[in-house]
Amino acid sequence: EGFNLEIIQIEVSGDQIVGNTINFQTSINNSQSSVGSARMCYDETCSAYVMMPGATSSSSGYFDLDLDIQLQEAGPLDIRIEWIGTEDGESGTLNLYETIIVLERDYNSSDYQVQSFFVVLSVLLVLSFLVNRLWGKESMRP
10 EGFNLEIIQI
20 EVSGDQIVGN
30 TINFQTSINN
40 SQSSVGSARM
50 CYDETCSAYV
60 MMPGATSSSS
70 GYFDLDLDIQ
80 LQEAGPLDIR
90 IEWIGTEDGE
100 SGTLNLYETI
110 IVLERDYNSS
120 DYQVQSFFVV
130 LSVLLVLSFL
140 VNRLWGKESM
150 RP
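Here is the structure:
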């Protein structure tokens, strides 16, 4: 009887940058025999309740939760898992502090944009030099 929740896996889909939406997924195992419901929350946004099975002699109490989160500010996000027992009403919260760190902007993509700008600028300078040498005032015309 009772609940003993263990997080098996955490997966985040999407770029953790302000303005984006990510999908946060957890796989959880209940190693006790009690049955209940669980949901995942961030601030006031919560997923739907899902069945939280209890462990039996032939199977573990494995279940998945997922939540779409709109990233509105930079910094760490505190996610929580709320659960309640079906038979006895026992309830609790499992806190996942600072599991996700949201960045202000995508520094990798801005580096890529700067690099692309310099590549294009370099190609234009080389083309300008070649055109000037071929057809310009100081060309090598006979």
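When the letters of the sequence shown are read in order and numbered with my numbering, they come out as residues 10 to 151. We put the beta carbon where it would ideally sit given N, CA and C, even for glycine.
- Query: For the putative contact between Ser43 and Glu96, defined by C-beta atoms under 8 Å, what is the C-beta separation to the nearest angstrom?
  - Reply: Position 34 of the sequence shown, counted from the start, is the residue given in the question as residue 43. Position 87 of the sequence shown, counted from the start, is the residue given in the question as residue 96. Indeed they touch by this definition, with Cβ atoms about 6 Å apart.
- Query: Alpha carbon to alpha carbon, how far is Asp87 from Leu133?
  - Reply: Indexing the sequence shown from 1 puts residue 87 at position 78. Indexing the sequence shown from 1 puts residue 133 at position 124. When rounded, the distance between both Cα atoms is 49 Å.
- Item | Exposure label - Ala6; buried when at least 16 CB within 10 Å | Only positions 10 to 151 of the chain appear in the structure, and residue 6 is not among them; the question remains open.
- Nearest neighbour of Met61, chosen from Phe126, Asp77, Asn13 [CA to CA]: As a working mapping, residue 61 is identified with position 52 in the sequence shown. Of Phe126, Asp77, Asn13, the residue nearest in Cα terms is Asn13.
- Task: Out of Ser56, Gly70, Met49, state which residue places its alpha-carbon closest to the alpha-carbon of Glu10.
- Result: If you number the sequence shown from 1, residue 10 lands on position 1. It is Gly70 whose Cα lies nearest to the Cα of Glu10.
- Message: Using C-beta distances below 8 Å, list every residue in its chain close to Ile31, excluding the 5 sequence neighbours before and after it, in chain order.
- Response: For the purposes of this step, residue 31 is identified with residue 22 of the sequence shown, where counting begins at 1. Val21, Ser22, Gly23, Asp24, Gln25, Asp77, Ile78, Leu80, Ile109, listed in sequence order.
- Query: Asp87 lies in the beta strand (DSSP E); which residues open and close that run?
  - Reply: One-based indexing of the sequence shown puts residue 87 at position 78. Per DSSP, Asp87 belongs to the beta strand (DSSP E) from 84-94.
- Query: So Gln34 and Ala64 are in contact, right, with Cβ under 8 Å, and what is the actual spacing, rounded?
  - Reply: To locate residue 34, count along the sequence shown from 1; it is residue 25. To locate residue 64, count along the sequence shown from 1; it is residue 55. Actually they do not touch by this definition, with Cβ atoms about 21 Å apart.
- Relative to the alpha-carbon of Leu74, which residue among Gly98, Ile17, Gln122 has its alpha-carbon at the smallest distance? Position 65 of the sequence shown, counting from 1, holds the residue named residue 74. The shortest Cα separation from Leu74 among Gly98, Ile17, Gln122 belongs to Ile17.
- Query: Gly45 to Asp52, Cα distance in whole Å?
  - Reply: Here the question's residue 45 lines up with position 36 in the sequence shown. Here the question's residue 52 lines up with position 43 in the sequence shown. Cα to Cα, the separation comes out at about 22 Å.
- Which two residues bound the contiguous beta strand (DSSP E) that contains Leu105? In the sequence shown, residue 105 corresponds to position 96, counting from 1. Residues 100-111.
- Item | Top-ranked residue by Cα proximity to Gly28, from Leu130, Ser137, Val111 | Against the sequence shown, residue 28 aligns to sequence position 19. Residue Val111 is the option with its Cα nearest to Gly28.
- Can you tell me the Cα-Cα spacing of Gly101 and Val128, whole angstroms? Position 92 of the sequence shown holds residue 101. Position 119 of the sequence shown holds residue 128. Whole-angstrom Cα-Cα distance: 56 Å.
- In angstroms with no decimal places, state the Cα-to-Cα distance between Ala57 and Cys50. Taking the first residue of the sequence shown as 1, we reach residue 57 at position 48. Taking the first residue of the sequence shown as 1, we reach residue 50 at position 41. Those two C-alpha atoms are separated by around 9 Å.
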